[in-house]
Every structure is written in structure tokens, then in C-alpha cells.
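What follows is a single structure, written as C-alpha cells, with notes after it.
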Amino acid sequence: MSSETLIRASDLVLEYPDGTRALDGVQFEVRENEFIALIGQNGSGKTTLSKCLNGILRPTEGSVRIGDLDTRERGTTKKIVTKVGYVFQNPDHQLFNNTVHKEIAYGPRNIGLSGDEVERRVREAAKVCGLKEELFGEHPFFLTKGLRQRVSIASILAMRPRVIIVDEPTTGQDRRQSVEVMNFLRDLWEKDGHTVIIITHEMPIVSEYARRCLVLSRGRVLMDGSTREVFGSPEVLAQTFVKPPQITRLAQALGGYGVRRDVLTIEEMMAEYRRVTSS
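For the sequence shown, my numbering begins at 470 and goes up steadily by one.
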């Protein structure tokens, strides 16, 4: 049985006031319980596309439908934020309340939920994000960047969206923090059933976590497929100056010896080595 379509972009065009055409005829669907990476060089249209997917930007031409909502229609914002959440690259651009509790509560309160329901959602979202109640009275800007990012995500989860978009989730974080954030997003996908979309330049992150990739270049989708299919197509990636992870490039360099081109992990590379050397 095919999964439900949550977002559908049809012939999507976004042109900025200065005449720059950031998106040019994009067409694709986001389905239930996917983990998608939007990849491409700077200026390829990744962030613009992600902001169209939750109504921050409205199409110049074409359409984006979120369930039965058309993002071009006025008055849909309060409905859209309960279906698609957006976490900015820098949490400091998203956080504006003076306590963690107020930050997480802002969205549910803004859409008119009762006090009891707001409190229920705050505690639920904080628990999912690993935020202890002792932090509720703290000013978000006094927290570490990792915790500020969790507060940002919690404020989105409190709206209970089915889709969560995270722009550059690992930027400015060390390896440990990056793994922590990405494992958390994977839990939201695997355990809680959210659809997760990330925008990133970190191809090792994509190969480990994403299950589907959209490759963008000059506002168009060059390729839409599984992560394995995409990284196994270096000729396509070269058009947008994206390189597969090093282990994949090594496998491709050894293709003349019978090694598969779509290796994603060291474990797969070792298995390929044993297969090739034993044949």
C-alpha cells in the first residue's frame, strides 16, 4: 500500500522581486514517514523550496498543496503550521521569548488552544526533545546552541505537525553535537512517525540518515531518488558540484575491479572487498 501524500508541489515557480527565478518548474511529492535530504550547491534553490513547502513563501506560478490546503490562499497560515513545521538554520533567528516555557507554548497558544492543552503540549514536546523542566524558566539565549536548537524543535513539535523541515541541522556544531541532533531527528522519524526533511551540505550526514534525496541545480530538480541511487550517480551530482561521501567515491574509483558504485558505508565497502577478492 502506498503511503499518503502530505505535500504536493506542481509546476512550482518562485521569482524574487529582483527578477531572480529561484525555482523553475519544480514538481514532486512528500509522502508520509519519509526522511528526505535537499542537496545542491549554494543558490540551487534548496532553502527557497523548503520555505515554499510550509507557506513561508508563496509561489509565483504553480502550487504547493499541504493536504487539502493551497498555500496561495490567504488565511491558511494557522492551519499550515499545524501540518508542517520549519526549524531555521540558526535557532537565534527563531527564538524570541524570554523563557523556554514561553517559547514552546507560543505556537499552541497563538492558535487558540486552552491553557490545559497548551501546558500538555509544552511538556510533551519538551520530553520528546530531552528538555528538562528545570530549563523552563531559563532564557533560551543563555543555553548552549545544541539546547537552543532543541528548544526550536520543541516549539515546532508542540504544534504536532506531520512534517518537520530542518535547515542545516549540523551547522556550527562539533561531531558529537551533530550526531546527537541527527540521531534525535532519526528518532522523530523512526519512533514517532514524522516525515523529516533536512537541507544540508554534509554528504556523510545524508548518506547515514536520509532515505531519499532531491538534487537541485538552478532552481530545478536534477534527480529525485533513494540516497543510494543518487550517490551512485556521480555524473548527475557533478552538475551541481556535490561530491558523494569519500567511501562512495572510493568505491567508484574501484569500479573497474567490480566494486559497486553505490556503496554508502565502510561496512558495505568491506563486504564489497571480501566479495571481489573471493571471486
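Using N, Cα and C, we set each Cβ at its ideal position, and we do this for glycine too.
Kindly indicate which residue of the options has the alpha-carbon position closest to the one of residue i.
i: D693; options: Q558, R578, V499; result: V499
i: H670; options: L483, Y485, G512; result: G512
i: D493; options: E503, I476, L518; result: L518
i: S676; options: R631, M628, E736, E542; result: E736
i: G531; options: T540, N523, I525; result: T540
i: Q510; options: E741, R689, R744; result: R689
i: Q563; options: L507, P609, M739; result: P609
i: L476; options: T516, L719, I508, G524; result: Per the sequence shown, the amino acid found at residue 476 is Ile instead of Leu. Comparing Cα positions, the closest option is G524.
i: Y678; options: R687, S686, I666; result: I666
i: F557; options: I633, F605, N502; result: I633
i: L719; options: L706, F710, M738, T709; result: M738
i: Y726; options: R743, K712, F710, E602; result: R743
i: L654; options: Q721, A491, I505; result: I505
With DSSP collapsed to three states, give me the class of residue i.
i: M692; result: strand
i: T546; result: helix
i: R619; result: helix
i: S583; result: coil
i: D748; result: Checking the sequence, you will find Ser at residue 748 rather than Asp. Three-state result, S748: coil.
i: D656; result: helix
i: R530; result: Sequence check: residue 530 is Glu here, not Arg. Three-state result, E530: strand.
i: V711; result: coil
i: S472; result: coil
i: V675; result: helix
i: G662; result: coil
i: R680; result: coil
i: V632; result: strand
On the DSSP bridge list, what partners appear for residue i?
i: L538; result: I535
i: D561; result: None; D561 has no bridge partner.
Within 8 Å, do at least three Cβ pairs link the segment 725-744 to the segment 693-702? yes
What beta strand (DSSP E) runs, 3 residues minimum, are completely inside the segment 476-526? 490-500, 504-508
Count the C-beta pairs between the segment 614-628 and the segment 567-582 that are closer than 8 Å, then say yes if the count reaches three, no if not. yes
With a threshold of 8 Å, are at least 3 pairs of Cβ atoms found where one atom belongs to the segment 632-639 and the other to the segment 586-596? no
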